[in-house]
Amino acid sequence: MKSSKSLNSAVIGSGIAGLASAIRLASMGVKVIVYEKSSTYGGKLGVWESDGYRFDTGPSLFTMPQYMKELLTIDGLNDVDFDYDQLDILCNYFWEDKTRVSAYSNREKFKEEFRVKLGENPNNIDSFLDDSKAKYQITNHVFLEKSLHKLSTYLRWETLKSMLRIRKVGVFKKMHTENTKQFSNPKSVQFFDRFATYNGSNPYESPSTLNVIPHYEFGIGAFFPKKGMRSIVDALYTKAINMGVQFEFNKVINQITKLGNTYTLNNEGINYDLMVCNMDIATASKGPLKTLIKPQNSHYSPSSSALIFYWGIKKEFKELDLHNIFFSADYQKEFKSIFDNHTIDDDPTVYVQISSKLKKDDAPIKCENWFVMVNAPYVEGQDWDTLISATKENIISKLSRLLYENIQDLIEVEHILTPQLIWDKTGSYKGALYGSSSNNRMSAFLRHPNFSKHHKGLYFCGGSVHPGGGIPLCLLSAKITSDIIHNDFKIC
Ligand SMILES: Cc1cc2nc3c(=O)[nH]c(=O)nc-3n(C[C@H](O)[C@H](O)[C@H](O)COP(=O)(O)OP(=O)(O)OC[C@H]3O[C@@H](n4cnc5c(N)ncnc54)[C@H](O)[C@@H]3O)c2cc1C
Numbered sequence: 040m041k042s043s044k045s046l047n048s049a050v051i052g053s054g055i056a057g058l059a060s061a062i063r064l065a066s067m068g069v070k071v072i073v074y075e076k077s078s079t080y081g082g083k084l085g086v087w088e089s090d091g092y093r094f095d096t097g098p099s100l101f102t103m104p105q106y107m108k109e110l111l112t113i114d115g116l117n118d119v120d121f122d123y124d125q126l127d128i129l130c131n132y133f134w135e136d137k138t139r140v141s142a143y144s145n146r147e148k149f150k151e152e153f154r155v156k157l158g159e160n161p162n163n164i165d166s167f168l169d170d171s172k173a174k175y176q177i178t179n180h181v182f183l184e185k186s187l188h189k190l191s192t193y194l195r196w197e198t199l200k201s202m203l204r205i206r207k208v209g210v211f212k213k214m215h216t217e218n219t220k221q222f223s224n225p226k227s228v229q230f231f232d233r234f235a236t237y238n239g240s241n242p243y244e245s246p247s248t249l250n251v252i253p254h255y256e257f258g259i260g261a262f263f264p265k266k267g268m269r270s271i272v273d274a275l276y277t278k279a280i281n282m283g284v285q286f287e288f289n290k291v292i293n294q295i296t297k298l299g300n301t302y303t304l305n306n307e308g309i310n311y312d313l314m315v316c317n318m319d320i321a322t323a324s325k326g327p328l329k330t331l332i333k334p335q336n337s338h339y340s341p342s343s344s345a346l347i348f349y350w351g352i353k354k355e356f357k358e359l360d361l362h363n364i365f366f367s368a369d370y371q372k373e374f375k376s377i378f379d380n381h382t383i384d385d386d387p388t389v390y391v392q393i394s395s396k397l398k399k400d401d402a403p404i405k406c407e408n409w410f411v412m413v414n415a416p417y418v419e420g421q422d423w424d425t426l427i428s429a430t431k432e433n434i435i436s437k438l439s440r441l442l443y444e445n446i447q448d449l450i451e452v453e454h455i456l457t458p459q460l461i462w463d464k465t466g467s468y469k470g471a472l473y474g475s476s477s478n479n480r481m482s483a484f485l486r487h488p489n490f491s492k493h494h495k496g497l498y499f500c501g502g503s504v505h506p507g508g509g510i511p512l513c514l515l516s517a518k519i520t521s522d523i524i525h526n527d528f529k530i531c
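The numbering of the sequence shown is our numbering, which starts it at 40 and goes up by one.
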């Protein structure tokens, strides 16, 4: 057996989970090199700047900051600057009939807002959010923080306790059906159904287990990094460098080969004792790992993707906050368009995030940087040019209608990210934002494990493997993976 100091590892991809894995391996004394096909780190957490506007191009909502704190102090040193604010208004919501509500993080204010604006009974909100918290407490330690593919997970007392309460998680019920029973106003139902989109799923198909998601925002909190979302990966990269991790950029890994107990990359002759793949698992299984793992075809259903317009807007909107949602009139039709018809509905729900509301230097004075996103299907042979220009028109007319301004006239810079570009840039299979969807009630168990069952030393992290997509879960995937490595290699 080798000591951890002489173990050589390679991480393929420097997405958030790849960076987190590199830090965790380095903290165990393992030598780490990260290979990244792009010219920079961070994967989906990109940045685009033009004419005084700065845009975070990927994630816009930051939850569970404690996972970041844990990583940035993993070696006992607090040597990387990373700070964030907690949001008082989680998001503003707009409907076509001119109803507007603000989702306050303070539960009493939130209930009052829903009572006054939507006539919703505060007890319905209380019982829903209490249930969301209970779901979190049952699932978090078992389904999210541990491997679902290791016997040891099921032999723990905490797992047994959770299993005894599993009915409460709502695996056999549908999210929308449960929310319809819970709330009196269809707008409240739409409001809580939207949380399915936080992992790229369809509320009309997903199990009501996904009603755990509101607890992340309402129970634990929503945050925004003071230097923007990109600073999350800036901080992780700096930490990794401080801990001795090496990076090689512009390096595409095309082939991973097993030689005895070690691995080589692109047949370049360097042997690695262990390999952590942060590439999307479906893409890797058809590419560099095709001789080592099975293709993800039979049960693999990608999550939704997104179409994003980054607009420099030469005006300030007082009625908008950091996060804003403009709901579609027929939510069910919108999801049918995305998941069944693989298209973007002609009345899509529009999400507008404006980081310059908090980080003033993200836009010129009296201007705002709008990140305008609609949910989109994964790539399936669509005519994207036609779909993009039709969707842009629909978005502009919707926002103009609800904000009483001609939005087209206010756009002074534009950049577009499409599902195909997401696929091309980060390798996310078919442009899925969150790996596989959670529409199936067994999806948690169908996601690829964090290790290879057949090849010792081969591990997986990131949004396409257990426990799933989104920043917090990607950070947890790196933790699960490194715990398994710690155990497999008996690192002290
Ligand atoms: C527009 C958008 C909005 C989102 N909104 C949110 C949000 O608000 N909140 C949230 O929590 N999450 C959000 N997400 C999801 C979140 O961004 C992802 O779940 C997460 O960033 C995925 O990280 P990852 O570690 O799996 O890797 P990725 O970010 O997918 O990175 C994988 C890396 O591997 C590299 N790579 C691929 N192939 C190779 C190869 N052959 N050789 C070498 N390197 C390779 C890629 O270049 C890339 O850097 C959003 C995503 C997008 C795109």
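Beta carbons are placed, not taken as given, at the ideal position from N, Cα and C, and that holds for glycine.
None of the values given here were measured: they were computed from a predicted structure.
- The beta carbon of Met214 lies closer than 7 Å to those of Asp232, Ala235, Pro242, Ser245, Pro246, Ser247, Leu249 and Asn250 in the same chain, with the five residues before and after it left out.
- Straight across, the Cα-Cα distance linking Leu183 with Pro506 is about 5 Å.
- According to DSSP, Asp124 shares a beta bridge with Phe263.
- As DSSP reads the structure, Trp87 sits in a beta bridge with Phe94.
- In this structure, the CA atom of Cys406 is about 10 Å from the CA atom of Asp400.
- DSSP, read as helix, strand or coil, puts Met314 in strand.
- When secondary structure is reduced to three states using DSSP, Lys529 falls in the coil class, being assigned neither helix nor strand.
- DSSP places Trp409 inside the beta strand (DSSP E), whose first and last residues are Glu407 to Ala415.
- In its chain, beyond the 5 residues on either side, Gly470 have a beta carbon closer than 8 Å to the beta carbon of Leu460.
- Put simply, the region 280–296 touches the region 71–80. At least three CB pairs are less than 8 Å apart.
- Val228 is positioned such that its CB atom lies closer than 7 Å to that of Asn218.
- Between the beta-carbon of Gly502 and that of Cys513 there is about 5 Å, and that keeps the pair under the 8 Å contact cut.
- When the Cα atoms are used, Val413 and Phe374 turn out to be separated by approximately 12 Å.
- Under the Cβ criterion (8 Å, minimum of three pairs), the region 443–459 counts as touching the region 341–361.
- DSSP places Lys396 in the helix class (H, G or I) of the three-state scheme.
- For Phe153, the enclosing alpha helix (DSSP H) has its first and last residue at Arg146 to Leu157.
- Contact between the region 120–130 and the region 142–149 is present: three or more C-beta pairs spanning the two stretches fall below 8 Å.
- Sorting Glu358, Pro403, Pro387 and Leu359 by C-alpha distance to the C-alpha of Lys372 places Pro387 at the top.
- Under the three-state reduction of DSSP, Gln285 is assigned to strand.
- Under the three-state reduction of DSSP output, His362 falls in the strand class.
- Put simply, of Met268, Arg206 and Leu187 the residue whose alpha carbon is nearest the alpha carbon of Gln392 is Met268.
- Asn310 sits close to Thr301, with the two beta carbons spaced by under 7 Å.
- With a minimum length of 4 residues, the unbroken runs of alpha helix (DSSP H) contained wholly in the region 472–514 fall at 482–485.
- Between ligand 1 and the CB of Thr192, the shortest heavy atom gap is not smaller than 6 Å.
- For Trp350, the pairing in a beta bridge is given by DSSP as Trp409 and Glu453.
- It is roughly 33 Å from the alpha-carbon of Lys156 to the alpha-carbon of Gly508.
- Closer than 6 Å to some heavy atom of ligand 1: that does not describe the Cβ of Ile280.
- In this structure Leu100 is in contact with His362, their Cβ atoms being roughly 7 Å apart against a cut-off of 8 Å.
- Residue environment analysis places Asn117 among the exposed positions, since fewer than 16 neighbouring C-beta atoms fall within 10 angstroms of its C-beta.
- Where Thr296 is concerned, the enclosing beta strand (DSSP E) starts and stops at Ile295 to Leu298.
- With fewer than 16 other Cβ atoms from the protein chains shown falling within 10 Å of its own Cβ, Ser223 counts as exposed.
- Phe230 is positioned such that its CB atom lies no closer than 7 Å to that of Leu397.
- Each residue's CA atom was taken as its position, placing Tyr106 and Tyr92 some 29 Å apart.
- The three-state secondary structure of Ile51, taken from DSSP, is strand.
- In the DSSP assignment, Ser141 falls outside any alpha helix (DSSP H) and lies within the beta strand (DSSP E) extending over Arg139 to Tyr143.
- The C-alpha of Asp273 lies about 8 Å from the C-alpha of Gly81.
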